[in-house]
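Here's the structure we're looking at; comments come further down.
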Amino acid sequence: MKMTFRWFGTGHDPIPLAHIRQIPGCVGVITTLYDKQPGETWERDRIRALKKDAADNGLEISGIESVNVSDAIKAALSDRDRDIETYIKTLDMLGSEGIRMVCYNFMPVFDWTRSELARPRSDGSSVLAYDQERIDGIDPETMLADMDSASNGFMLPGWEPERMARIKELFQLYRDVDSERLLENLAYFLRAIMPVCDKWGIDMAIHPDDPAWPVFGLPRIVTGKESIHRLLKAVDNPHNGVTLCTGSLGSNPANDIPDIIRSLKGRVHFAHLRNVKHRSPGKFEEAAHLSEDGSLDMYEIARALRDIGFDGPLRPDHGRMIWGEKGMPGYGLYDRALGIAYLNGLFEAIDREGRR
Ligand code: CS2
Ligand code: MN
1 MKMTFRWFGT
11 GHDPIPLAHI
21 RQIPGCVGVI
31 TTLYDKQPGE
41 TWERDRIRAL
51 KKDAADNGLE
61 ISGIESVNVS
71 DAIKAALSDR
81 DRDIETYIKT
91 LDMLGSEGIR
101 MVCYNFMPVF
111 DWTRSELARP
121 RSDGSSVLAY
131 DQERIDGIDP
141 ETMLADMDSA
151 SNGFMLPGWE
161 PERMARIKEL
171 FQLYRDVDSE
181 RLLENLAYFL
191 RAIMPVCDKW
201 GIDMAIHPDD
211 PAWPVFGLPR
221 IVTGKESIHR
231 LLKAVDNPHN
241 GVTLCTGSLG
251 SNPANDIPDI
261 IRSLKGRVHF
271 AHLRNVKHRS
281 PGKFEEAAHL
291 SEDGSLDMYE
301 IARALRDIGF
311 DGPLRPDHGR
321 MIWGEKGMPG
331 YGLYDRALGI
341 AYLNGLFEAI
351 DREGRR
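Just so you know, the sequence shown maps onto residues 1 to 356 in this note's numbering.
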């Protein structure tokens, strides 16, 4: 297992790599070319520049999050094969540059969805929150405007303004795509990219849907144990694996995360560890990483990862905004660094207990 930190790249992430390297136990960053649109070609010199920036700060690039998948691929539009070719070229180049893990998602239109980006908590911090009733009552465009004004001026991952400007058109594209169709489109994409993954040993790690149920009438296909196993079986290659994001799967209290982890031996290629606090059905907010602060048992989750011999990159996920930091919602330095310190303690204790 490798402790890592998500970093959006020079010029996009206000957190300097020099600060990230000071987080105890953090060996690498999970990064991306943040300005790339899904379907665009990635350039080798830019990947090399990222690697150099990281190496100059004593860090490695432990994986890419994300190489985003275009709507043409997700909705099986006429130009999907062209976009798949581009995706394969990008993977080929990343593989030749030593990248061995690529995270992506297959959510139509929106990546993760929240109804609030800065809900105040009683401890004076703020967190991202979700309330299904509020989502049901609003138009996606209104939500976009709200998110925009609460994002502290940062572009949010998965919410590229260029795509969001075409939101009505995007909804149209998915008009005839139900969950069966979406899964077929995912399997088509995975079958096409497996050869380049086999060539370089690249592990593809799909990020679960967040929240783990359909939103705005759009289908969702990575929501729990059953759906994950379906997609792993649909393309049964060890490089077709998952990002075990506890916060996303954990948005649904019916998901038993340690049990899901134990069922996925060999297919968890990346882990996002964070906590959520369930309020009532369809209502949750994010929390500090500590078990006690939310609804998830982080100790059992860490143990399950150890039990299946997980040895890939792991990172803290969204944190609270604390100590007056003005950062990208969910992606401040301070609470994610506290998250790492806590996770380090959990894993050290589990390892030592195991040796007794
Ligand atoms: C999110 C996502 O929960 C998360 O990690 O911030 O934006 C995630 O990075 C993407 O869904 C992965 O493609
Ligand atoms: Mn995540």
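A virtual CB, placed ideally from N, CA and C, is assigned to each residue, including glycine.
As the structure is a computational prediction, the values presented were derived from the model and not from experiment.
Which residue or residues does DSSP assign as beta-bridge partners of residue i?
{"i": "Ala-192", "result": "For Ala-192, which the question treats as bridged, DSSP gives no partner whatsoever."}
{"i": "Phe-284", "result": "Tyr-130 and His-278"}
{"i": "His-272", "result": "Cys-245 and Arg-315"}
{"i": "Glu-65", "result": "Cys-103"}
{"i": "Leu-218", "result": "Val-215"}
{"i": "Asn-240", "result": "Met-204"}
{"i": "Glu-60", "result": "Gly-28"}
{"i": "Glu-116", "result": "Ala-129"}
{"i": "Met-321", "result": "Ser-126"}
Less than 7 Å between the CB of residue i and some heavy atom of the ligand MN, yes or no?
{"i": "Asp-351", "result": "no"}
Please report the residue range of the beta strand (DSSP E) in which residue i lies.
{"i": "Pro-316", "result": "313–316"}
{"i": "Thr-31", "result": "28–31"}
{"i": "Phe-364", "result": "The requested residue 364 is not part of the displayed model; the chain covers only 1 to 356."}
Would residue i be called buried (16 or more neighbouring beta carbons within 10 Å of its own) or exposed?
{"i": "Lys-74", "result": "buried"}
{"i": "Glu-65", "result": "buried"}
{"i": "Gly-354", "result": "exposed"}
{"i": "Ala-271", "result": "buried"}
{"i": "Tyr-299", "result": "exposed"}
{"i": "Lys-2", "result": "buried"}
{"i": "Ser-122", "result": "exposed"}
{"i": "His-19", "result": "exposed"}
{"i": "Glu-180", "result": "exposed"}
{"i": "Gly-153", "result": "exposed"}
{"i": "Gly-312", "result": "buried"}
{"i": "Ala-349", "result": "exposed"}
{"i": "Arg-230", "result": "exposed"}
{"i": "Pro-211", "result": "buried"}
{"i": "Ala-54", "result": "buried"}
Within the continuous alpha helix (DSSP H) that includes residue i, where are the two ends?
{"i": "Gly-11", "result": "From DSSP, Gly-11 is part of no alpha helix (DSSP H); its letter is neither H nor E."}
{"i": "Thr-86", "result": "80–96"}
{"i": "Tyr-299", "result": "298–307"}
{"i": "His-229", "result": "225–234"}
{"i": "Arg-336", "result": "334–355"}
{"i": "Ile-261", "result": "257–262"}
{"i": "Asp-71", "result": "71–74"}
Is any heavy atom in the ligand CS2 found nearer than 7 Å to the beta carbon of residue i?
{"i": "Pro-161", "result": "no"}
{"i": "Glu-65", "result": "yes"}
{"i": "Asn-255", "result": "no"}
{"i": "Asp-210", "result": "yes"}
{"i": "Asn-424", "result": "The structure shown does not extend to residue 424, since the chain is modelled only from 1 to 356, so the question has no answer here."}
{"i": "Pro-219", "result": "no"}
{"i": "Gly-158", "result": "yes"}
{"i": "Ser-248", "result": "yes"}
{"i": "His-269", "result": "no"}
Cβ of residue i less than 8 Å from any chain D Cβ?
{"i": "Arg-230", "result": "Absent from the structure: chain D. Only one protein chain is present."}
Output the residue ranges of the alpha helix (DSSP H) runs that lie fully inside the segment 150–174 and measure 4 residues or longer, sorted by chain position.
161–164 and 167–173
Under 5 Å from any heavy atom of the ligand COA, by CB: list those residues in chain order, please.
Only the ligand CS2 and the ligand MN can be found as ligands here, which leaves the ligand COA out of the picture.
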